[in-house]
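Residue numbers (UniProt numbering): 1 to 539. Note that CB positions come from ideal geometry on N, CA and C, so glycine has one too. For clarity, every value in this text was computed on a predicted model and none was experimentally measured.
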């Protein structure tokens, strides 16, 4: 009998410590006034974020209790054994600025002046890490002198804001220094489709490069490789954040409706999070823009729900060595209570991929509406090309990119299943749970995801149930994407009628669109065949 591993529905109502731009581009898609209110996730016990020990939390329990229901959790002991925990933290527990300067001083980083933020945005500069750390040393000494002069009393806010307060954000250390293994991604966060896709693309580019260029790209321990070596640009979604006490990240929801995790190496962070069902309370009275802070001055009544939103906040102080799982759609702010350095990932997988799709579908509608006045000035194919270009610029991913990502994930899992490989032997508990998952479909999705990934296994390589789960969830979104692409094609936007085409660009755009449809169709057929052979079905 064909059964489904994915009977737990994906909630499509709902971006690292992100940028304020995420408010408009990613965070508010779930606040569509025309959509029915989403069912709230189970509230954290007692209004507090639950805590778990990394050594006592299985991947299965993480899926069932936190990832699938979209609930945050603070994981203690997450950084044990990491090189970063040893190297980046001084004996007194503070950030070891000397090590960072000696090892990574020539890296180009982006820093934001968080003392001069206006409605969530502050001045941003590119500089060498060594120059940022030199400023940090000076800032630290000035603070110590001021506190001594005040006999430990707090520094007045006016005086504190006279100097810049730089915060280094979104530093792609892992991809820029691949020879330095700063950390190992915790097992709970290893099913990471976003970075799995990026790594696959990087590998393909390296394999396609000429041999001399490959030799030049070969890793040299401690030597900067990757994006920032030739200018800062977007790449993977693995970041390092570092800055002195008082630096912060303004109110936002994470990019692409992604999950995020943040592991503190040194220092403490104050997090304030708002459950997704209260996102609408952040909107202005016109229902368009979100407040830039939970505690923004709203004397003019521009944000009528802001006071109520504050009553639903979940706050926590994250200690060194702890990793926080931030679920999809939870607006949040982050403040460094001490000098801090942390490692952060944005990621999504089968548990929230449909939310990513819901966001991109709404973003495309908004991109289309924004340039509606241009429709009569270009061909349907050109117009759709402009829509997709703007979608990619606004959301960070267009529909072709999403299709490529889903096909990549499917290809990896299909290859494992077709080769008969099972990288993680089933435990006794797992063997007992797999029949129950078929008899009780309500627990099947999380059980399947948990089936193949033990703490010691390689990232995103697990058992048959694990790969079947990935295939079913990827196929669900791929079917939705393909239906929309065919709808656009049927409306005449991208029909490859060369007689009607007037330019070579139009022909190329139509052919590109047709190739996307064909690739997605072939991938879906392969998934359906593999699942059928396993006694499973598409959703």
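Residue 266 has 341 as its beta-bridge partners, per DSSP. In this structure, the CA atom of residue 199 is about 8 angstroms from the CA atom of residue 236. By the Cβ-count criterion, residue 503 is exposed, with fewer than 16 other Cβ atoms from all chains shown falling within 10 Å of its own Cβ. Under the three-state reduction of DSSP, residue 167 is assigned to strand. According to the DSSP secondary-structure assignment, residue 109 is paired through a beta bridge with 127. Of the other Cβ atoms in all chains shown, fewer than 16 fall within 10 Å of the Cβ of residue 151; this residue is therefore exposed.
In this chain, the beta strand (DSSP E) harbouring residue 336 covers 331-336. Under the DSSP definition of a beta bridge, residue 347 partners with 259.
Contact between residue 244 and residue 170 fails: their C-beta atoms lie close to 17 angstroms from each other, not under 8 angstroms.
For residue 413, the CB contacts under 7 angstroms within the same chain, skipping 5 residues up- and downstream, are 467, 470 and 471 in chain order.
Here the alpha carbons of residue 192 and residue 256 stand approximately 13 angstroms from one another. Shown here for residue 127: same chain residues with a beta carbon closer than 7 angstroms to its own, the five before and five after excluded, namely 109 and 111 in chain order.
Per DSSP, residue 248 is not a residue of any alpha helix (DSSP H); the beta strand (DSSP E) it occupies stretches across 248-252.
Apart from the 5 residues on each side of it in sequence, residue 73 sits with its Cβ closer than 7 angstroms to the Cβ of 49, 50, 52, 66 and 325 in its chain, given in chain order. Taken atom to atom, the span from the alpha-carbon of residue 357 to that of residue 139 is near 44 angstroms. In the three-state DSSP reduction, residue 290 falls in the strand class (E or B). Residue 184 is classed as exposed because its beta carbon has fewer than 16 other beta carbons within 10 Å across all chains shown. Between residue 335 and residue 262 a beta carbon distance of about 13 angstroms is seen, past the 8 angstroms cut, so the two are scored as non-contacting. Residue 486 carries a helical assignment under DSSP once its states are collapsed to helix, strand and coil.
Under DSSP, residue 75 takes part in a beta bridge, and its partners are 52 and 323. Per DSSP, residue 375 lies in no alpha helix (DSSP H) and is assigned neither H nor E. Taking the CA atoms as reference points, residue 196 sits about 12 angstroms from residue 407. In the structure shown, residue 177 falls within a coil segment according to DSSP collapsed to helix, strand and coil. Look at residue 281 here: in three-state DSSP terms it is helix. Burial of residue 350 is indicated by the presence of at least 16 other C-beta atoms within 10 angstroms of its C-beta. DSSP places residue 82 in the coil class of the three-state scheme, outside both helix and strand.
Under the three-state reduction of DSSP output, residue 385 falls in the helix class.
Residue 529 sits in a helix when the DSSP states are folded into three classes. From the listed residues 390, 377 and 355, the smallest Cα separation to residue 370 is found for 390. Cα atoms of residue 310 and residue 276: separation of roughly 13 angstroms, rounded to the nearest angstrom.
C-alpha of residue 60 to C-alpha of residue 279: approximately 29 angstroms in a straight line. Residue pairing by DSSP puts residue 272 in a beta bridge opposite 315 and 333. By the 16-neighbour rule on beta-carbons within 10 angstroms, residue 419 is exposed. In the three-state reduction of the DSSP assignment, residue 328 falls in the coil class. Beyond the five residues adjoining it in sequence on each side, residue 246 comes within less than 7 angstroms, by CB distance, of 165 and 336 in the same chain, given in chain order.
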